[in-house]
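In the UniProt record's numbering, the protein residues as written are 1 to 264.
Single-structure report; data block below.
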Amino acid sequence: MHKIVKPKVTLVGAGPGDPDLLTIKGAKALAEANVVLYDALANEELLCYAPKKALKIFVGKRKGSHAYTQDQINQLIVDNALTYGHVVRLKGGDPFIFGRGSEETGYVESFGIPTFVIPGISSSIAVPASQGISLTKRGVSESFWVITGTTSARQLSKDVALAAQSSATVVVLMGMSKLEQIVAIFQAESKGETPVAIIQDGTTPQEKTGIGTINTITQIVRDANLSSPAIIVIGEVVADHKKSSGFYKELKSMHNKQLVYGKE
1 MHKIVKPKVT LVGAGPGDPD LLTIKGAKAL AEANVVLYDA LANEELLCYA PKKALKIFVG
61 KRKGSHAYTQ DQINQLIVDN ALTYGHVVRL KGGDPFIFGR GSEETGYVES FGIPTFVIPG
121 ISSSIAVPAS QGISLTKRGV SESFWVITGT TSARQLSKDV ALAAQSSATV VVLMGMSKLE
181 QIVAIFQAES KGETPVAIIQ DGTTPQEKTG IGTINTITQI VRDANLSSPA IIVIGEVVAD
241 HKKSSGFYKE LKSMHNKQLV YGKE
């Protein structure tokens, strides 16, 4: 007799990079997977939670290099669910924060396949926190924006200009290619001295951080050779990073992290 396949799909947020930041529920879902489709920003160490016999398929997308198009990924999820049963779609950060998670669940559900979502820790909050940067702070920042640096039209989000007019902390994901535009927008609001942190490969041993101001950050990025994947944090709360310097020097020693600071 043929085994009856019961298709289902679980979207699992892999967290910001450190494999220890995967949720327990995410690990349990991986342990029950027949197939895992994983992204470039999902730490491959997490695949150890899946059964050895489970298929592991890399479907990562990076600027200029796509293993599959989004339409192909959508169809791969469906095809593997119908063929093998439980598909875990492992996505970096949280699948519903600039992760196209709702597009994937919508497509899968159109085939009558049940879907489940296990949230992940978003890099937008975890990476600054790992650097001692609190996105909100009483008397300093009452709110924060999380903005994509590059829209589906490959343009800088117009929300950056709106955020620059506020006193909120601004976190920009996927914005490194638009850094000079972002700097110009904040300079136009007379915020050239606003502190900025750029954190590449956050929460991983490869982490590199550049700390400066709107006026100095582009040179710091060039000097430190910072690149994607990285997040940009803009706001007065970034100044707290240096107050935690002793703690992070210890982390640097433990994890071989590289910290690059702008001149005061």
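Idealized CB from N, CA, C, for every residue including glycine.
Bear in mind the structure is a predicted one, so any value in this text is a computation, not a measurement.
Which word fits K249, buried or exposed, when buried means at least 16 other C-beta atoms lie within 10 angstroms of its C-beta? Summary for K249: the model assigns pLDDT 48, below 50, so the residue's position carries little reliability; its value from the coordinates is reported in the next sentence. Exposed: under 16 other Cβ atoms inside 10 Å.
If I measure Cβ to Cβ from D94 and keep anything under 6 Å in the same chain, skipping five residues before and after, which residues do I get? Taken in chain order, the residues that qualify are G13, P119, G120 and S122.
In angstroms with no decimal places, state the Cα-to-Cα distance between L22 and I214. Separation of L22 and I214 (C-alpha to C-alpha, rounded to the nearest whole angstrom) is 33 Å.
Excluding the five sequence neighbours on either side, which residues of its own chain have a C-beta within less than 8 Å of the C-beta of T151, listed in chain order? Taking C-beta separations shorter than 8 Å and ignoring five residues to either side along the sequence, the partners of T151 in its chain run S157, following chain order.
Is it right to say P7 is buried, meaning 16 or more other beta carbons lie within 10 angstroms of its own, or is it exposed? Counting Cβ neighbours within 10 Å, P7 comes out buried, since at least 16 surround it.
Taking the runs of the alpha helix (DSSP H) that are 4 residues or longer, which of them lie wholly in the stretch 25-87? Fully enclosed alpha helix (DSSP H) runs of 4 or longer: 70-84.
Output needed for H255: all residues of its chain with C-beta closer than 7 Å, excluding positions within five of it in sequence on either side, in chain order. The predicted model places H255 with a pLDDT of 49, which falls under 50 and marks its position as unreliable, so this point remains unresolved.
Cβ-Cβ distance between K178 and G212 below 8 Å: No.
Determine the closest residue to V9 out of V36, L37, T115 and F98, with distance taken between C-alpha atoms. When only C-alpha atoms are compared, the closest one is T115.
By Cβ distance below 7 Å, which residues in the same chain neighbour K191 in space, the five residues on each side in sequence not counted? Once the five neighbours on either side are set aside, the close Cβ partners of K191 are A164 and I214.
Just mark I199 as buried or exposed, buried being the case when its beta carbon has 16 or more other beta carbons within 10 Å. With 16 or more other Cβ atoms within 10 Å, it is buried.
In terms of DSSP beta bridges, what is F144 paired with? For F144, DSSP records a beta bridge to T169.
Is the Cβ-Cβ distance between V170 and I125 less than 8 Å? If you check the CB distance, V170 and I125 do not come in under 8 Å.
Report, in whole angstroms, the separation of the C-beta atoms of residue 265 and A50, which I expect to be a contact under 8 Å. The structure shown does not extend to residue 265, since the chain spans only 1 to 264, so no value can be given for it.
Nearest-angstrom Cα separation, counted from V36 out to K56: So the two alpha carbons sit approximately 5 Å from each other.
How long is the line joining the alpha carbons of S244 and G132, rounded to whole angstroms? With a pLDDT of 48 at S244, under the threshold of 50, the modelled position of this residue cannot be trusted; read the value that follows with caution. In this structure, the straight-line span from the alpha carbon of S244 to that of G132 is close to 6 Å.
Nearest to F144 by CA position, among V87, E103 and V238, is which residue? Each of V87, E103 and V238 was checked against the Cα of F144, and the nearest Cα belongs to V238.
Proximity winner among E142, L135, A230 and A161, relative to A184 (alpha-carbon distances): Comparing Cα-Cα distances from A184 to each of E142, L135, A230 and A161, the minimum goes to A161.
Can you give me the Cβ contacts of K137 inside the same chain, cut-off strictly under 7 Å, excluding the 5 residues immediately before and after it? Excluding sequence neighbours, K137 sits near V237.
By Cβ distance, which residues of its chain are closer than 6 Å to Y84, with the 5 residues on each side in sequence left out? Sequence-distant Cβ neighbours of Y84 in its own chain, meaning closer than 6 Å and more than five residues away, are N34 and V35.
Below 7 Å, is the gap between the Cβ of T169 and the nearest heavy atom of the ligand COA? Absent from the structure shown: the ligand COA. Ligands present: none.
Comparing C-alpha positions only, which one of D159, T203, V140 and P128 sits nearest to I182? Closest option to I182, judged by alpha-carbon separation, among D159, T203, V140 and P128: D159.
Based on Cα-Cα distance, which residue from S166, T209, D39 and E109 lies nearest to T194? It is S166.
Are the CB atoms of V117 and G101 nearer to each other than 8 Å? For V117 and G101, yes; Cβs fall inside 8 Å.
Hey, out of L135, Q75, A67 and E103, whose CA is closest to H241's CA? The candidate whose alpha carbon is nearest that of H241 is L135.
Using DSSP's beta-bridge definition, name the partner residues of I232. As a beta-bridge residue in DSSP terms, I232 pairs with V172 and I198.
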